[in-house]
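First residue of the sequence shown: 7, per our numbering; consecutive thereafter. Beta carbons are placed, not taken as given, at the ideal position from N, Cα and C, and that holds for glycine. Input: a single structure, listed below in structure tokens.
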Amino acid sequence: VHSAQPLDVHAAIDSAHTAYTSGKWSKLDIRDRCEVLLNASHLLKQHLSELALLESLQTGRPIREMEAQLQRLPDWFEYYAALIRTHEGR
Numbered sequence: 007v008h009s010a011q012p013l014d015v016h017a018a019i020d021s022a023h024t025a026y027t028s029g030k031w032s033k034l035d036i037r038d039r040c041e042v043l044l045n046a047s048h049l050l051k052q053h054l055s056e057l058a059l060l061e062s063l064q065t066g067r068p069i070r071e072m073e074a075q076l077q078r079l080p081d082w083f084e085y086y087a088a089l090i091r092t093h094e095g096r
């Protein structure tokens with residue numbers, strides 16, 4: 007993000023590393039992981055136009071282009087939720 011300061015970047019990296027090494031996600035029940043991904047998809051769909059506007063302002067790309075690109079993003083969260091369900095118990 008253009009407005010992020012070096013301390014913001016380091017804080018984000020530290021937070022991601024802590025989440026990764028803590029097992030908070032990897033030890034989460036498969037059904038709960040699936041629910042998190044589906045909730046993320048739902049929220050993305052609800053706020054797609056806002057996200058497209060923000061991304062357009064950030065990058066200078068046309069809003070129509072950003073809407074088209076971001077429109078598929080919720081599908082990926084649903085796809086990975088389906089993969090989790092498919093591999094349950096393996």
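- Minimum Cα-Cα distance from residue 88 among the listed residues 56, 19, 42 corresponds to 42.
- One Cα belongs to residue 14, the other to residue 21, and the distance between them is close to 11 Å.
- Residue 79 sits away from residue 58, with the two beta carbons spaced by 8 Å or more.
- Restricting attention to 50, 72, 60, 65, the CA atom closest to the CA of residue 82 is found in 50.
- Taking the CA atoms as reference points, residue 48 sits about 10 Å from residue 54.
- In the structure shown, the three-state DSSP call for residue 34 is coil.
- Contact between residue 72 and residue 61 holds, since their C-beta atoms are separated by about 5 Å, short of 8 Å.
- Bounds of the alpha helix (DSSP H) holding residue 16 are 12-28.
- At the C-beta level, residue 90 and residue 36 come within 8 Å of one another.
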